[in-house]
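Visitor: Protein sequence lines, in the order shown, are assigned to chains A and B.
According to this note's numbering, the first sequence is numbered sequentially starting from 2.
According to this note's numbering, the second sequence is numbered sequentially starting from 2.
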Amino acid sequence: MIYQSKLAPKYDFLDHQNLEFLLSLLNSKNDNVTGLGASIITHSCQTSAEQWALYEAGVFQKLVDLIGGSVSQRDASLESLTAIIKNNHEVTPKILEFENGRALNLIIKFTIDKSPRTRLLACACLIAVSKTSSRYVEGIELESKLIYRLLELLEDPGQVGDEASFALSSLIEEKEDLQKLAFEANAINKLCFHLQNGLSCPKRLQGILQALANICSKLEICRSKLLDLQAFDLVSDALRHDCTDIRVAACICLRSLSRSVKNLSAGYFMNETVIIPLLQLLHDPSISVQLAALGAISNIVIDFTRRKSNFIHCGGVKLLAELSMAMDPVVRSHSLRALKNLTFLADRKCKEVVLSEITASALASLIRDPESAVQEQALALVRNLVDGCVQSVDYAFTENGIILDAIGRQLQYASKAEIGIQGMYALSNIASGSKVQKDAVMDQLFQHGGMNTQPFIMRFLHSNDNQLRTASIWVLINLTTSYCPGAAGRVLKLRNAGIILQLKSMVNDPCLDVKLRVRATLSQCMKYGDSTM
Amino acid sequence: MPVRVVESSTPSQVSGANSGNTLPQACSLLTVGQTFSGTQNVSSLQNEKDEAWRVNVCIQGCDLDHGYLCGTMEALNVPMADTPGANGLRLSSLSPTWLQFMTHQFYQVVTFWEGEIVDGKNYTFFTGKWEAMPEDDIRHWTKFPSFLPLLSRVEADGGKTLDLSNYQYIFMRWKEQYFVNVGEDCGLTIAGFYYVCFSCIDGSISGFYYDPKSSPFQKLELKATNGERSGYSFSTYEFQ
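#1: Out of A/His314, A/Ile368, A/Leu386, A/Ile86, state which residue places its alpha-carbon closest to the alpha-carbon of A/Lys352.
#2: With the cut-off set at 8 Å, would you say A/Val72 and A/Ser116 are in Cβ contact?
#3: Residues in the same chain with beta-carbon distance under 8 Å from B/Thr23, minus the five sequence neighbours each way, listed in chain order, please.
#4: I'd like to know if A/Ala379 contacts chain B, where contact means its C-beta is closer than 8 Å to some C-beta of that chain.
#5: Quick check on the DSSP output: what are the complete alpha helix (DSSP H) runs of length 4 or more inside the segment 481-533 of chain A, in order along the chain?
#6: Determine the DSSP secondary structure at A/Asp329, reduced to helix, strand or coil.
#7: Could you check if A/Lys11 is buried or exposed, using at least 16 other CB atoms within 10 Å of its CB as the buried criterion?
#8: Roughly how many angstroms separate the alpha carbons of A/Ala188 and B/Trp131, rounded to a whole number?
#9: On the criterion of 16 or more Cβ atoms from any shown chain inside 10 Å, does A/Thr481 qualify as buried, or is it exposed?
#10: Going along the chain, which unbroken runs of the alpha helix (DSSP H) with 4 or more residues stay wholly within the segment 283-312 of chain A?
#11: Can you tell me whether A/Leu446 is helix, strand or coil according to DSSP?
#12: Kindly give me the distance between the Cβ atoms of B/Phe113 and B/Gln178, rounded to whole angstroms, as I take these residues to be in contact under 8 Å.
#13: Could you work out which residues of chain A lie near B/Thr73, taking near to mean beta carbons separated by less than 9 Å?
#14: Please return the same chain residues whose Cβ sits closer than 7 Å to the Cβ of A/Leu235, not counting the five positions on each side in sequence.
#15: Using a Cβ-Cβ cut-off of 8 Å, state whether B/Val181 counts as contacting chain A.
#16: Unbroken alpha helix (DSSP H) runs of length 4 or more, entirely within the segment 375-453 of chain A: which are they?
#17: I believe B/Cys198 touches B/Phe172 by the beta-carbon criterion, under 8 Å. Please report the beta-carbon distance rounded to the nearest angstrom.
#18: List the endpoints of the continuous beta strand (DSSP E) containing B/Gly200.
#19: Check each residue of the segment 195-212 of chain B: if its Cβ is closer than 9 Å to any Cβ of chain A, include it; give the result in chain order.
#20: Going straight from the alpha carbon of A/Thr274 to that of A/Ser237, what length do you get?
#21: In this structure, does DSSP put B/Leu24 in helix, strand or coil?
#22: Residues in the same chain with beta-carbon distance under 7 Å from A/Leu405, minus the five sequence neighbours each way, listed in chain order, please.
#23: Assuming A/Thr83 contacts A/Ala129 under a Cβ cut-off of 8 Å, what Cβ separation, rounded to an integer in Å, is found between them?
#24: According to the Cβ coordinates, are B/Ile118 and B/Leu70 closer than 8 Å?
#25: Using a beta-carbon distance below 8 Å, is A/Cys485 in contact with chain B?
#26: Under 8 Å Cβ to Cβ from A/Gln468, same chain only, skipping five residues before and after it: list those, please.
#27: Can you check whether the CB of A/Val262 is closer than 8 Å to the CB of B/Gln26?
#28: Could you tell me the alpha carbon to alpha carbon distance between A/Glu185 and A/Tyr149, rounded to whole angstroms?
#29: Using alpha carbons as the reference points, say which of B/Gln109, B/Leu31, B/Thr36 lies closest to A/Asp388.
#30: Look at the alpha carbon of B/Ala225 and the alpha carbon of A/Ser145, and state the distance between them as a whole number of angstroms.
#31: Are the C-beta atoms of A/Thr522 and some chain B residue less than 8 Å apart?
#32: Could you spell out where the beta strand (DSSP E) holding B/Trp114 opens and where it closes?
#33: Does A/Asn33 have its Cβ less than 8 Å from a Cβ in chain B?
#34: What is the DSSP secondary structure of B/Asn42, counted as helix, strand or coil?
#35: Under the rule that 16 or more other beta-carbon atoms within 10 Å means buried, what is A/Phe22, buried or exposed?
#36: Comparing C-alpha positions only, which one of A/Glu80, A/Ala168, A/Leu321, A/Gln52 sits nearest to A/Arg338?
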């Protein structure tokens with residue numbers, strides 16, 4: 002009983018004496034004693050070292066033997082086996098190889114046992130196998146059967162029904178093919194049926210929201226189905242639930258639903274019944290709730306219907322700007338990502354609110370944040386701020402160009418391609434402005450570092466990352482366009498720095514986009530004195 | 002320094018041993034946030050004169066792995082007659098109120114469209130739906146000069162064995178899905194779809210509208226736009 006409580010102390014399997022004692026429990030002829038041994042494993046086995054130690058000690062074989070025992074031994078063994086193989090790429094193949102697949106076949110057999118609990122535990126064990134081993138020969142056929150079994154178990158009114166949705170959720174997580182199979186098995190209808198008929202058990206509600214979130218995470222047909230079933234309001238209502246886990250699950254479900262350009266373009270999400278509870282969750286003391294809410298907000302604010310002002314009026318920008326200064330770097334980067342998405346194709350008024358709330362100096366600091374994920378999002382936010390109408394480029398020059406200067410400094414030391422890509426696109430957007438703005442970008446390309454330091458753009462042009470090379474060349478295209486005065490001087494400076502020569506070596510770049518942009522740039526430069534390509 | 006330019010303007014055929022990626026490569030001019038502007042010409046069979054109206058397109062979503070693209074198409078100055086309209090719109094069964102609205106006010110319609118990128122994996126040159134038979138497909142695709150080098154392979158197997166990864170043109174079908182700024186009872190229809198050819202070189206787009214009930218070969222011509230900027234600008238978003 003003690004080990005059925007989550008609060009029970011963990012058992013140390015790496016201690017030899019403890020392991021011997023555990024084996025003595027599993028070897029007992031008494032059901033209760035072997036059940037205790039299995040419970041200890043289920044409760045305490047967490048690390049791969051512990052899993053391996055248990056396997057090497059012969060626990061695995063003992064548990065397989067116990068599967069053939071009494072009902073309680075069988076259930077306890079299935080649960081323990083799951084604990085031993087879960088996420089362990091070394092131990093899981095052993096279950097497949099064990100006595101030519103005897104253990105696996107035994108477990109498969111129990112997925113149609115008359116006991117719902119046994120069926121669920123057998124399914125959970127097979128899910129652990131399928132998520133860990135690529136050598137799982139039965140593959141998609143068995144996984145498809147598992148989906149049907151779990152949907153049947155969902156009908157169980159007790160704990161098994163509560164847990165079935167979590168198992169389903171785990172099975173289909175990140176697997177588009179299985180999500181499609183779940184869709185074809187009518188999973189969304191079945192889950193929504195439970196959602197619409199009122200759920201008194203918080204655990205079940207959480208599980209259903211989580212399962213719906215996973216089914217809708219990749220496929221548009223699934224999202225459309227869920228919206229067609231009028232379940233959206235129920236998901237929104239769950240944002241205000243007393244239980245933290247349910248609020249998180251509702252946020253994740255909304256996040257999946259809003260991963261749809263089609264729905265965003267139809268304006269499904271940008272309304273106060275969704276936005277206000279989500280913003281309230283940003284005040285939640287739990288970081289997991291904050292992050293879940295930020296995930297949903299990030300998608301919703303992309304909004305293509307020009308109703309981003311609704312979000313501003315609800316105080317969303319102010320809150321996101323505050324969170325972008327949070328102590329937790331993940332909260333900072335997620336908040337910046339939401340602001341970046343909000344400023345995607347936003348009008349000037351929206352961008353002005355964003356910049357006034359976050360301030361140019363804070364944004365410059367975030368560009369130079371110690372965390373690379375924060376740097377990347379801050380640079381991408383600048384990229385969007387200076388996109389759109391040409392006057393937007395001025396944002397980079399507020400407070401004496403503190404933002405532009407921060408971009409240049411950060412790019413000088415950028416070690417990750419993602420940071421370089423966002424930074425170069427930010428510079429490219431600025432370089433699509435006036436002569437003064439182009440000249441300011443030129444200065445950034447060459448002013449950082451010492452006399453013998455290579456300009457960062459040269460380093461990026463040598464990068465293996467296609468996107469980084471492409472972004473860098475767009476900066477050069479914008480700087481050398483003949484549609485703006487001063488191009489001749491900028492071309493001369495680029496030539497003197499060896500950049501034109503480098504471009505010439507890239508005319509047959511393996512990346513088509515790079516190749517075409519290089520040729521376009523050289524073609525522009527030819528107007529200023531160099532006729533060789 | 003003279004540099005020899007190696008041209009590979011025609012796509013190669015995938016050999017049996019080629020297990021590499023043959024999908025069209027990402028093109029920075031065909032990414033989210035990019036806008037295009039141009040015209041759609043309608044050859045009106047009734048009065049034998051060409052009509053054209055302005056069309057703006059914005060790319061809102063792009064997923065090359067799934068051969069998916071989507072965005073909005075905005076038609077301005079849609080003509081008043083009962084002719085096939087902008088964005089493939091057909092003005093049919095117009096109520097007197099609607100006609101009055103069109104006659105006296107600026108008429109602008111925005112539709113949301115979804116695109117299928119012909120990549121040999123997710124979609125081939127053969128449409129297989131929307132009332133388009135293989136001969137309709139070939140008749141429309143061959144209107145694009147850049148398609149001609151592909152014709153023989155497409156006739157053989159729909160282009161499944163073509164390696165389009167280094168081809169400078171991307172072929173698509175754009176199908177309008179719903180009206181964004183007017184209701185479905187607006188008296189317009191978006192039953193057809195566009196055959197589209199995108200040039201990775203300069204971001205220009207050509208298209209032909211196909212709807213068995215509309216005038217054939219209405220031509221869409223768009224160019225990448227950058228507003229008042231002297232250069233290109235690129236925005237971004239990412240789903241969580």
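From the three backbone atoms N, C-alpha and C, an ideal C-beta is built for every residue, glycine too.
The structure presented is a predicted model; accordingly, all values stated were derived computationally and were not measured.
Guide: The answer reads as follows:
#1: As a position in the first sequence, residue 352 of chain A is number 351, starting the count at 1. The shortest Cα separation from A/Lys352 among A/His314, A/Ile368, A/Leu386, A/Ile86 belongs to A/Leu386.
#2: For the purposes of this step, residue 72 of chain A is taken as residue 71 along the first sequence, with counting starting at 1. For the purposes of this step, residue 116 of chain A is taken as residue 115 along the first sequence, with counting starting at 1. Taking 8 Å as the Cβ cut-off, A/Val72 and A/Ser116 qualify as a contacting pair.
#3: Along the second sequence, one-based indexing puts residue 23 of chain B at 22. If we look at B/Thr23 and ignore the five residues flanking it on each side, its Cβ neighbours are Val15, Asp120, Gly121, Lys122, Leu163, Asp164, Leu165, Ser166.
#4: Residue numbering aside, residue 379 of chain A sits at position 378 when the first sequence is read from its first letter. Cβ-Cβ to chain B under 8 Å: no for A/Ala379.
#5: 488-497, 500-505, 513-527
#6: Position 328 of the first sequence, counted from the first residue, corresponds to residue 329 of chain A. Correct three-state label for A/Asp329: coil.
#7: By one-based count along the first sequence, residue 11 of chain A stands at place 10. By the neighbour-count rule (16 or more Cβ atoms within 10 Å), A/Lys11 is not buried but exposed.
#8: On the first sequence, residue 188 of chain A is found 187 positions in, with the first residue counted as 1. On the second sequence, residue 131 of chain B is found 130 positions in, with the first residue counted as 1. Roughly 29 Å separates the two Cα atoms.
#9: To locate residue 481 of chain A, count along the first sequence from 1; it is residue 480. Buried.
#10: 288-301
#11: Counting from one through the first sequence, the residue named residue 446 of chain A turns up at place 445. Helix.
#12: The residue given as residue 113 of chain B occupies position 112 in the second sequence. The residue given as residue 178 of chain B occupies position 177 in the second sequence. The pair is a contact, with the Cβ atoms about 5 Å apart (cut-off 8 Å).
#13: Along the second sequence, one-based indexing puts residue 73 of chain B at 72. Those are Ser266, Phe305, listed as they occur along chain A.
#14: One-based indexing of the first sequence puts residue 235 of chain A at position 234. Leu196, Gln197, listed in sequence order.
#15: Mapped onto the second sequence, residue 181 of chain B falls at position 180. So yes, B/Val181 belongs to the interface.
#16: 399-414, 418-431, 436-448
#17: The count along the second sequence starts at 1 and reaches residue 198 of chain B at position 197. The count along the second sequence starts at 1 and reaches residue 172 of chain B at position 171. Sure, about 6 Å apart at Cβ, within 8 Å.
#18: For the purposes of this step, residue 200 of chain B is identified with residue 199 of the second sequence, where counting begins at 1. In the sequence on display, residue 200 of chain B carries Ser and not Gly. Per DSSP, B/Ser200 belongs to the beta strand (DSSP E) from 194-200.
#19: Cys201, Ile202, Asp203
#20: Counting from 1 along the first sequence, the entry for residue 274 of chain A is found at position 273. Counting from 1 along the first sequence, the entry for residue 237 of chain A is found at position 236. One C-alpha to the other measures close to 7 Å.
#21: The residue given as residue 24 of chain B occupies position 23 in the second sequence. Of the three classes helix, strand and coil, the one that applies to B/Leu24 here is coil, per DSSP.
#22: Here the question's residue 405 of chain A lines up with position 404 in the first sequence. Closer than 7 Å at Cβ, skipping near neighbours: Ala397, Phe398, Ile431, Ala441, Gln445.
#23: Here the question's residue 83 of chain A lines up with position 82 in the first sequence. Here the question's residue 129 of chain A lines up with position 128 in the first sequence. Sure, about 5 Å apart at Cβ, within 8 Å.
#24: Stepping through the second sequence from its first residue, residue 118 of chain B is reached at position 117. Stepping through the second sequence from its first residue, residue 70 of chain B is reached at position 69. Going by C-beta atoms, B/Ile118 is nearer than 8 Å to B/Leu70.
#25: As a position in the first sequence, residue 485 of chain A is number 484, starting the count at 1. Yes, contact with chain B.
#26: For the purposes of this step, residue 468 of chain A is identified with residue 467 of the first sequence, where counting begins at 1. Ala418, Ile422.
#27: The residue you call residue 26 of chain B lines up with position 25 of the second sequence. The residue you call residue 262 of chain A lines up with position 261 of the first sequence. Cβ distance not < 8 Å, so B/Gln26 and A/Val262 don't count as in contact.
#28: As a working mapping, residue 185 of chain A is identified with position 184 in the first sequence. As a working mapping, residue 149 of chain A is identified with position 148 in the first sequence. Their backbone Cα atoms lie some 10 Å apart in a straight line.
#29: Locating residue 388 of chain A in the first sequence gives position 387, where the first residue counts as 1. Checked all of B/Gln109, B/Leu31, B/Thr36; the closest Cα to A/Asp388 is B/Thr36.
#30: As a first step, residue 225 of chain B must be located in the second sequence, where it is residue number 224. As a first step, residue 145 of chain A must be located in the first sequence, where it is residue number 144. Rounded to the nearest angstrom, the two C-alpha atoms are 46 Å apart.
#31: Sequence index remark: in the first sequence, residue 522 of chain A carries index 521 (1-based). Closer than 8 Å: no.
#32: Position 113 of the second sequence, counting from 1, holds the residue named residue 114 of chain B. Segment 109-118, the beta strand (DSSP E) holding B/Trp114.
#33: Here the question's residue 33 of chain A lines up with position 32 in the first sequence. Cβ-Cβ to chain B under 8 Å: no for A/Asn33.
#34: By 1-based counting over the second sequence, the position of residue 42 of chain B is 41. Reduced to three states, the DSSP call for B/Asn42 is strand.
#35: Residue mapping note: residue 22 of chain A aligns to position 21 of the first sequence, counting from 1. Counting Cβ neighbours within 10 Å, A/Phe22 comes out exposed, since fewer than 16 surround it.
#36: Here residue 338 of chain A corresponds to residue number 337 of the first sequence, with the count starting at 1. Considering only alpha carbons, the answer is A/Leu321.
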